[in-house]
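Each step along the sequence shown adds one to the number in the UniProt record's numbering, with nothing skipped, and position 25 is 25.
Below is one structure, written out as structure tokens; the observations come after it.
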Amino acid sequence: MDVQEKQLAACKEEHPGVETINSGNCSDLAAKLREVNNGNLLNVAFVTSGAKAAYDSTLPLLEPYGKLIVIGHPPKPLEISAYMMSDKRLR
């Protein structure tokens, strides 16, 4: 999942058969993920961008007890709702 077609194309070239999603062009990411992932959301997600929007769009896509791997650090602290943390049982 990325917003840059160039990155998605490189991923598909290196890993044929892997499903890619342009998150900038997808109106319902959760539905698309469930469509291509046997009805499931993500167990693990890597956020490589420091953009707040990357975190805001990724956290809801995690399954309960999912893991978010932080690689890109945003310049300002993130606000994560207590409800999101509790509902998703984030680690």
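Idealized CB from N, CA, C, for every residue including glycine.
From a predicted model like this one, the values you see are computed outputs, not experimental measurements.
What are the boundary residues of the alpha helix (DSSP H) that includes residue i?
i: E35; result: L29 to V36
i: K76; result: K76 -> no alpha helix (DSSP H), and no H or E assigned at all.
Mark residue i as exposed unless 16 or more other C-beta atoms lie within 10 angstroms of its C-beta, in which case mark it buried.
i: M84; result: exposed
i: residue 127; result: With the chain covering only 1 through 91, there is no way to say anything about residue 127.
i: K88; result: buried
i: A30; result: exposed
i: A45; result: buried
With DSSP collapsed to three states, give me the class of residue i.
i: E63; result: strand
i: A51; result: coil
i: Q90; result: Residue identity check: residue 90 is Leu in the sequence provided, not Gln. Of the three classes helix, strand and coil, the one that applies to L90 here is coil, per DSSP.
i: S81; result: coil
Going straight from the alpha carbon of residue i to that of residue j, what length do you get?
i: C11; j: E19; result: 9 Å
i: V47; j: Y55; result: 7 Å
i: N40; j: K32; result: 10 Å
i: L61; j: K67; result: 11 Å
i: L90; j: P64; result: 7 Å
i: G72; j: A53; result: 12 Å
Would you list the residues sitting across from residue i in a DSSP beta bridge?
i: A45; result: L68
i: N22; result: D2
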